Structure formats: structure tokens, C-alpha cells
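Novice: Questions regarding the structure given below will be posed in turn.
Number of protein chains: 2
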Amino acid sequence: MAVVLSSIQPPGAADADGSAPAFSPLYRQIKARLVRELQGGVWKPAEAIPSEHELAQRFKVSQGTVRKAVDELAAEHLLVRRQGKGTFVATHAEQTVQYRFLRLTPDAGDSLPMDRRLLDCIRLRAPSDVARALALKAGAAVLRVRRVLLTQRPVVFDEIWLPAHLFKGLNAERLAAYEGPLYGLFEAEFGVRMVRAEEKIRAVAADADTAAVLALAPQTPLLCVERLSFTYADSPVELRRGLYDTRHHHYRNVLN
Amino acid sequence: MAVVLSSIQPPGAADADGSAPAFSPLYRQIKARLVRELQGGVWKPAEAIPSEHELAQRFKVSQGTVRKAVDELAAEHLLVRRQGKGTFVATHAEQTVQYRFLRLTPDAGDSLPMDRRLLDCIRLRAPSDVARALALKAGAAVLRVRRVLLTQRPVVFDEIWLPAHLFKGLNAERLAAYEGPLYGLFEAEFGVRMVRAEEKIRAVAADADTAAVLALAPQTPLLCVERLSFTYADSPVELRRGLYDTRHHHYRNVLN
DNA sequence: AAGTGGTCTAGACCACTCT
DNA sequence: GAGTGGTCTAGACCACTTG
Numbered sequence: 001m002a003v004v005l006s007s008i009q010p011p012g013a014a015d016a017d018g019s020a021p022a023f024s025p026l027y028r029q030i031k032a033r034l035v036r037e038l039q040g041g042v043w044k045p046a047e048a049i050p051s052e053h054e055l056a057q058r059f060k061v062s063q064g065t066v067r068k069a070v071d072e073l074a075a076e077h078l079l080v081r082r083q084g085k086g087t088f089v090a091t092h093a094e095q096t097v098q099y100r101f102l103r104l105t106p107d108a109g110d111s112l113p114m115d116r117r118l119l120d121c122i123r124l125r126a127p128s129d130v131a132r133a134l135a136l137k138a139g140a141a142v143l144r145v146r147r148v149l150l151t152q153r154p155v156v157f158d159e160i161w162l163p164a165h166l167f168k169g170l171n172a173e174r175l176a177a178y179e180g181p182l183y184g185l186f187e188a189e190f191g192v193r194m195v196r197a198e199e200k201i202r203a204v205a206a207d208a209d210t211a212a213v214l215a216l217a218p219q220t221p222l223l224c225v226e227r228l229s230f231t232y233a234d235s236p237v238e239l240r241r242g243l244y245d246t247r248h249h250h251y252r253n254v255l256n
Numbered sequence: 257m258a259v260v261l262s263s264i265q266p267p268g269a270a271d272a273d274g275s276a277p278a279f280s281p282l283y284r285q286i287k288a289r290l291v292r293e294l295q296g297g298v299w300k301p302a303e304a305i306p307s308e309h310e311l312a313q314r315f316k317v318s319q320g321t322v323r324k325a326v327d328e329l330a331a332e333h334l335l336v337r338r339q340g341k342g343t344f345v346a347t348h349a350e351q352t353v354q355y356r357f358l359r360l361t362p363d364a365g366d367s368l369p370m371d372r373r374l375l376d377c378i379r380l381r382a383p384s385d386v387a388r389a390l391a392l393k394a395g396a397a398v399l400r401v402r403r404v405l406l407t408q409r410p411v412v413f414d415e416i417w418l419p420a421h422l423f424k425g426l427n428a429e430r431l432a433a434y435e436g437p438l439y440g441l442f443e444a445e446f447g448v449r450m451v452r453a454e455e456k457i458r459a460v461a462a463d464a465d466t467a468a469v470l471a472l473a474p475q476t477p478l479l480c481v482e483r484l485s486f487t488y489a490d491s492p493v494e495l496r497r498g499l500y501d502t503r504h505h506h507y508r509n510v511l512n
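Line by line, the protein sequences are chains A and B.
Under this note's numbering, residues 1 to 256 are what the first sequence spells out, in order.
Under this note's numbering, residues 257 to 512 are what the second sequence spells out, in order.
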């Protein structure tokens, strides 16, 4: 299809209004273009994208320039390179790393294959804080999923808020039927791929309901992890509040 | 000084024992070499390292190969590039980003210029858990620093463990005298640069002592953040246990 | 104007996977 | 052997900083 980048900015081009020129190198324009195609679903999760050689021809640039664009996308985990095989669209459904976003680890022993227990999935009007976080109109329809993650004893109580219009038809039945991580279901069934997330972490005391669900004494200190997940265009698509029992687990983080 | 990489591995070289060949590209060998020089203190924090052009000549490789090595070191925050000026050894003492490793943020308002109050700094034999974390012999001499960080009210109670042999002469007086982040002092006065850290986070209830220090009710849920910091060769050089009051602050994290 | 990092090219060759 | 990503080169030119 021999596409030419129609909007290439000549290196020295000034802005219309004379403000910061915002020089954007070629490889970034190509990167943006690739992101747009990913966003548009041109290549589905786990599929291979065209080879660097072919992309270079399409975009009429050298392979090195394509390479640099793909390098950045791989660093951001939007793409995965596999030498000798190709470059693939990243996916949460992959068996290798389950729960890429869950940073909970047992204090002793190996990392956890946790079981899930679905509590409920209902449709609601968004509370104001949820609407704000998800950039929805006040009172917009949302789905609220509640569930427990457990090893032998319950460890995590999750409350998940999703914009209803993006997840039409999601219900308790389909949730219960699906094996594997939730984010795998989201990308396979609804074409919503989680790309990035921000978490806010606090310590709270367990209220009566939470204590019952997690089978522990009221007032037990819990980790409260509020996660806002984003898809391609930095648009928020999931708000999740998790309460973690950290008596035998901890949240692990790496600082660079 | 026209150094040649004496230990260059020819691309196809097999291991002596025939095990995994562990092919290491040129740019990684150069990267390792640069790390060694950083570790050895050839270039001090905030100093410029030689230009890419010069490094390329020294190592007898092309500039692009040096570039790739430096790229990775910049991504790991060991070096900082500044276009038109040069490449510099990263430092914690820089005014721009105070507290690079502190992820605590106020729930509302801008990020925090926090005051410090030193509680004490004493020399002890390492408790077994501390010795283990810092890879010291049981009972080795360590320094324990305790302090409080506060905005208006106290927010963080830190307990910091350091191997005494690396921080000879550190005492309450010098700690009190130093302005700026602790890690700045460590690199300026003791040549110990924190490069990377791992944190384990839990929720705990405030004990009586902690409650007194942080001026809150006993049993208040607190974030317990245990940080192990590493210097260049992945050797642990600081263990820090922080108790965070998260009633008006939160620990923020980004997942990619 | 000189020096630095940043981009881009064209081409060679290597390492890995699959057929 | 063919196709893919990965490394390396030599050189040109651009963007930014400083004298």
C-alpha cells in the first residue's frame, strides 16, 4: 500500500503561531503512526506486525529509523520483539507473565498462581469520584465488578469500575466463564487493551464488610491500592480499588 | 590513553566449557566498561564524561556503538545526557529532582518540600535481619539513623541502616549540618552512589512509639515501606524502613 | 564558529527461527 | 536457505549550547 507520511514536518519548520517549534524527528512520527494503527486495531494482540524491512519501504525511510520507533514501542511494552521471528503486538493474555500489573508477592515462596472468586457484576450510574476518574459524564452507566483473589486464604478484595459503553454485554456469566487474566478478556472480547496504569497506595483499616470478605478481624490494616488504567490515547478505561491483606504478602516495587 | 578493549569476545566465540555462549555485543562490553569506570570513581557525580566522539576513538569503535552503550546507561539513570553540553554522571544532589526515590505525594496540592528532623544516629551491631539484607557478617557494625519527615505535621518515620565501614565518621552532627537529600551527602562525602532500589510495602498498625513520633493514635494504619538500595555492582548499601502516615498522602506508582 | 548530543542513511554482516 | 531481528560502521547533516 506504499504509504507516504503526508504530514512530515521539514526539520526547520516553524509553528503557525510562532510558538515552540516542537521539532519532531522522523522516527517519532513513525512511532505515532504505528500507535495509531495499533489503536485502530490494524494488528490484533499477539499478531505479528510487518517486518522492519517492509515498514521501512512503506514509510520510505531507512530500516534504522523504523527500528528506533519500534525500539521505543517495545520499551513501553506495546510491542514485543522476538529475534528471528518478528515483532508482535503485546498482549495480557500471554501465558508467560500472568498479572503483569499485580505487584503482590508472597513474603516467602514462589510467586503466586491465585484463584479468583467472582462476587458480583452490576450496572450502575457512576458515583461522582468514579465518573471523574474515568472522564465520564456524571451519572454515566458503569459496570462494577467485585471479586476476591485467593491463594488458600483470601488475599485481595477488588472492586473494578468500567465504562459500560466500552464493555457492552459483560456480565457475571461471561466473567465466570473466562479463564486467565481479566485484561486478557478485555482485549480479546472488547478490544480494550490496557497499556499503562497509575496506582495510589494507602494504608487503611478493614471495615466490617471487607473484614468479612477477607476473613480477618475488623480494623486489620490493609493496603488500599487504587489503580487507574489507560488504553492507547492515554484515555482512562478502568478504575480499580484493591484491598490487600499484607500479613503474608507484600507489594513489591523497583526504583531506578 | 588510547585504551583497547583487551577482552573483546569475537562474535562466534564459544565458551570454554561449551555451555551457553553468552554472546555479548560490543556495545554491552563498552557499557560494562563505562560502569566499571563510574564505579571506580573515574568521573565523579555531576561531572561530564568524555564526548561520544572521544570515547569512540578510545575504544576504537564507531560513535553509534558508544551511543548505544550510553543510551542504556542514561535509561538506567546512571548518566544524564544534555544536548549541546555533554553527558554527565547522574547525581542525587541535583536541585531539580529532590527525593528521586521517595514516592510519597500529597493527596491535594503540589509535591512536597519536606522538612527533616533528626532523631538519633547510633552505632550498633547489626541485627540478623539487617545483616542479611545488607550482606554483612552477623554482628557487623552498622549505623542506625532515625528521623522524621514533615510538612506541617509529621508524615514519615524513617529508620535507616548503613554498613559502618562505608560511612566512617558519619554522625548526628554531620547529618544535621547537611542541607539537601541524604543520598546527596552519601555520594559527596562517602562516594557511595545509590543506583537502584527495591521496596516492599505493607500495611501495619502504629505501635506506641511510632504513634508518639508521628503524633497520631496508636493502631492507626500506616504504610510500611522497606527499601533496600544498591550501588553499582548490585551490592546493597542501605536498608531503610519507613512508616508513612497516608491520611493525607499516598504512595504513587506507575505501571508500564 | 566550534563542540556537543541527536537524527538519518545505506550497506554489511551476525544471530536466531523455521522450513 | 530464506526471513527476521540485532549489531556495527562511516559519514552526513541537524539541533542545541557556549564562547
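Idealized CB from N, CA, C, for every residue including glycine.
These figures come from a predicted structure and were not determined experimentally.
1) So for residue 203 (chain A), helix, strand or coil by DSSP?
2) For the beta strand (DSSP E) containing residue 123 (chain A), name the first residue and the last one.
3) Any idea which residues DSSP pairs residue 310 (chain A) with across the strands?
4) Taking only beta carbons into account, state which residues of the segment 431 to 462 of chain B come closer than 8 angstroms to chain A, listed in chain order.
5) Return the CA-CA distance between residue 245 (chain A) and residue 201 (chain A), expressed in angstroms with no decimal places.
6) Alpha carbon to alpha carbon, how far is residue 39 (chain A) from residue 221 (chain A)?
7) Which same chain residues end up closer than 8 angstroms to residue 302 (chain B) when comparing Cβ atoms and leaving out the 5 residues on each side of it in sequence?
8) Does DSSP put residue 213 (chain A) in a helix, a strand or coil?
9) Residue 141 (chain A): which of A:152, A:127, A:154, A:153 sits nearest, CA to CA?
10) Among the residues of its own chain, which have a CB less than 7 angstroms from the CB of residue 323 (chain B), if the five just before and after it don't count?
11) Rank A:132, A:233, A:256 by C-alpha distance to the C-alpha of residue 161 (chain A) and give the top, closest one.
12) 7 angstroms is my cut-off, CB to CB: does residue 419 (chain B) come that close to chain A?
13) Taking only beta-carbon positions, decide if residue 333 (chain B) is within less than 7 angstroms of chain A.
14) Counting Cβ pairs, one atom from each stretch, are 3 or more of them under 8 angstroms apart for the segment 451 to 469 of chain B and the segment 194 to 210 of chain A?
15) Quick one: residues in its chain with C-beta nearer than 7 angstroms to the C-beta of residue 447 (chain B), no 5 flanking neighbours on either side, listed in chain order?
16) Here's the rule I'm using: 16 or more other beta-carbon atoms within 10 Å means buried, otherwise exposed. How should residue 249 (chain A) be labelled?
17) Are the beta-carbon atoms of residue 331 (chain B) and residue 337 (chain B) separated by less than 7 angstroms?
18) Looking at the structure shown, is residue 270 (chain B) part of a helix, part of a strand, or coil, going by DSSP?
19) Nearest chain A C-beta to residue 309 (chain B) closer than 7 angstroms, yes or no?
20) Could you give the residue range of the alpha helix (DSSP H) that holds residue 322 (chain B)?
21) Under a three-way DSSP split, which group does residue 129 (chain A) fall into?
22) On the three-state DSSP scale, how would you describe residue 35 (chain A)?
23) Hey, how far is the Cα of residue 44 (chain A) from the Cα of residue 232 (chain A)?
24) If residue 254 (chain A) sits next to residue 454 (chain B), beta carbons under 8 angstroms apart, how far is it from one beta carbon to the other, in whole angstroms?
25) Just the chain A side, please: which residues come within less than 7 angstroms of residue 502 (chain B) by C-beta, in chain order?
26) Just checking: is the beta-carbon of residue 221 (chain A) within a distance shorter than 7 angstroms of some beta-carbon in chain B?
27) Is it right to say residue 167 (chain A) is buried, meaning 16 or more other beta carbons lie within 10 angstroms of its own, or is it exposed?
28) Is the beta carbon of residue 403 (chain B) sitting closer than 7 angstroms to the one on residue 372 (chain B)?
29) For residue 236 (chain A) versus residue 134 (chain A), is the C-beta spacing smaller than 7 angstroms?
30) Determine which residues share a DSSP beta bridge with residue 397 (chain B) and list them.
31) Roughly how many angstroms separate the alpha carbons of residue 287 (chain B) and residue 281 (chain B), rounded to a whole number?
32) Report the three-state DSSP secondary structure of residue 249 (chain A) (helix, strand or coil).
33) Looking only at its chain, what residues have a beta carbon closer than 8 angstroms to the beta carbon of residue 210 (chain A), apart from the 5 residues adjacent to it on each side?
34) Just the C-alpha distance for residue 328 (chain B) and residue 335 (chain B), rounded to the nearest angstrom, thanks.
35) Please confirm whether residue 240 (chain A) and residue 252 (chain A) have their CB atoms less than 7 angstroms apart.
36) Which residues in the same chain as residue 1 (chain A) place their Cβ atom closer than 6 angstroms to its Cβ, once the five residues preceding and following it in sequence are excluded?
Specialist: With the given structure in hand:
1) By one-based count along the first sequence, residue 203 (chain A) stands at place 203. Strand at residue 203 (chain A).
2) Against the first sequence, residue 123 (chain A) aligns to sequence position 123. Unbroken beta strand (DSSP E) run through residue 123 (chain A): 115 to 125.
3) Outside the modelled stretch of chain A, which goes from 1 to 256, sits residue 310 (chain A), for which no answer is possible.
4) 452, 453, 454, 455, 456, 457, 458, 459, 460, 461
5) As a position in the first sequence, residue 245 (chain A) is number 245, starting the count at 1. As a position in the first sequence, residue 201 (chain A) is number 201, starting the count at 1. Roughly 13 angstroms between the two C-alpha positions.
6) Mapped onto the first sequence, residue 39 (chain A) falls at position 39. Mapped onto the first sequence, residue 221 (chain A) falls at position 221. Near 40 angstroms, if we compare the C-alpha coordinates of residue 221 (chain A) and residue 39 (chain A).
7) Along the second sequence, one-based indexing puts residue 302 (chain B) at 46. If we look at residue 302 (chain B) and ignore the five residues flanking it on each side, its Cβ neighbours are 344, 345, 347, 349, 350.
8) Here residue 213 (chain A) is taken as the residue at index 213 of the first sequence, counted from 1. If DSSP states are grouped into helix, strand and coil, residue 213 (chain A) belongs with the helices.
9) For the purposes of this step, residue 141 (chain A) is taken as the residue at position 141 of the first sequence. Among A:152, A:127, A:154, A:153, the Cα nearest to that of residue 141 (chain A) is on A:127.
10) Taking the second sequence and counting its residues from 1, the one referred to as residue 323 (chain B) is at position 67. Around residue 323 (chain B): 308.
11) Position 161 of the first sequence, counting from 1, holds the residue named residue 161 (chain A). Nearest option by C-alpha distance: A:132.
12) Walking along the second sequence from the start, residue 419 (chain B) turns up at place 163. No - not a single Cβ of chain A is within 7 angstroms of the one on residue 419 (chain B).
13) The residue given as residue 333 (chain B) occupies position 77 in the second sequence. It does: the Cβ of residue 333 (chain B) has a partner Cβ on chain A nearer than 7 angstroms.
14) yes
15) Taking the second sequence and counting its residues from 1, one reaches residue 447 (chain B) at position 191. So the qualifying residues of the chain are 297.
16) Start at 1 with the first residue of the first sequence, and residue 249 (chain A) comes out as number 249. So residue 249 (chain A) ends up on the buried side.
17) As a working note, residue 331 (chain B) is residue 75 in the second sequence. As a working note, residue 337 (chain B) is residue 81 in the second sequence. No, these two residues do not count as a Cβ contact at 7 angstroms.
18) By one-based count along the second sequence, residue 270 (chain B) stands at place 14. Because residue 270 (chain B) sits at a pLDDT of 39, beneath the cut-off of 50, its placement in the model cannot be relied upon, and the point is left open.
19) The count along the second sequence starts at 1 and reaches residue 309 (chain B) at position 53. Residue 309 (chain B) does not count as touching chain A.
20) Locating residue 322 (chain B) in the second sequence gives position 66, counting from the first residue. Here the alpha helix (DSSP H) through residue 322 (chain B) covers 319 to 331.
21) Position 129 of the first sequence, counted from the first residue, corresponds to residue 129 (chain A). Reduced to three states, the DSSP call for residue 129 (chain A) is helix.
22) Residue 35 (chain A) sits at position 35 when you count from the first residue of the first sequence. Looking at residue 35 (chain A) - three-state DSSP - the assignment turns out to be helix.
23) Indexing the first sequence from 1 puts residue 44 (chain A) at position 44. Indexing the first sequence from 1 puts residue 232 (chain A) at position 232. Spanning the two alpha carbons is a distance of roughly 13 angstroms.
24) Position 254 of the first sequence, counted from the start, is the residue given in the question as residue 254 (chain A). Position 198 of the second sequence, counted from the start, is the residue given in the question as residue 454 (chain B). Correct: roughly 6 angstroms between the Cβ atoms.
25) Numbered from its first residue, the second sequence carries residue 502 (chain B) at position 246. Chain A residues near residue 502 (chain B): 202, 203.
26) For the purposes of this step, residue 221 (chain A) is identified with residue 221 of the first sequence, where counting begins at 1. Taking Cβ atoms only, chain B reaches closer than 7 angstroms to residue 221 (chain A), which makes this a yes.
27) Reading the first sequence from its first residue, position 167 is the one you call residue 167 (chain A). Buried.
28) Taking the first residue of the second sequence as position 1, residue 403 (chain B) is located at position 147. Taking the first residue of the second sequence as position 1, residue 372 (chain B) is located at position 116. Taking 7 angstroms as the Cβ cut-off, residue 403 (chain B) and residue 372 (chain B) qualify as a contacting pair.
29) Counting from 1 along the first sequence, the entry for residue 236 (chain A) is found at position 236. Counting from 1 along the first sequence, the entry for residue 134 (chain A) is found at position 134. Yes, they are a contact pair.
30) Walking along the second sequence from the start, residue 397 (chain B) turns up at place 141. Its beta-bridge partners are B:381.
31) As a first step, residue 287 (chain B) must be located in the second sequence, where it is residue number 31. As a first step, residue 281 (chain B) must be located in the second sequence, where it is residue number 25. Roughly 10 angstroms separates the two Cα atoms.
32) For the purposes of this step, residue 249 (chain A) is taken as residue 249 along the first sequence, with counting starting at 1. Residue 249 (chain A): strand per DSSP, three-state reduction.
33) Within the first sequence, residue 210 (chain A) is the residue found at index 210, counting from 1. Same-chain partners within the cutoff: 157, 222, 243.
34) The sequence position of residue 328 (chain B) within the second sequence is 72, counting from 1. The sequence position of residue 335 (chain B) within the second sequence is 79, counting from 1. Their backbone Cα atoms lie some 9 angstroms apart in a straight line.
35) Start at 1 with the first residue of the first sequence, and residue 240 (chain A) comes out as number 240. Start at 1 with the first residue of the first sequence, and residue 252 (chain A) comes out as number 252. Their beta carbons are not under 7 angstroms apart, which means residue 240 (chain A) does not touch residue 252 (chain A) by this criterion.
36) Taking the first residue of the first sequence as 1, we reach residue 1 (chain A) at position 1. Its pLDDT being 31, under 50, residue 1 (chain A) is placed unreliably by the model, and the measurement read from it follows with that caveat. Within the same chain, residue 1 (chain A) has no close Cβ partners at all.
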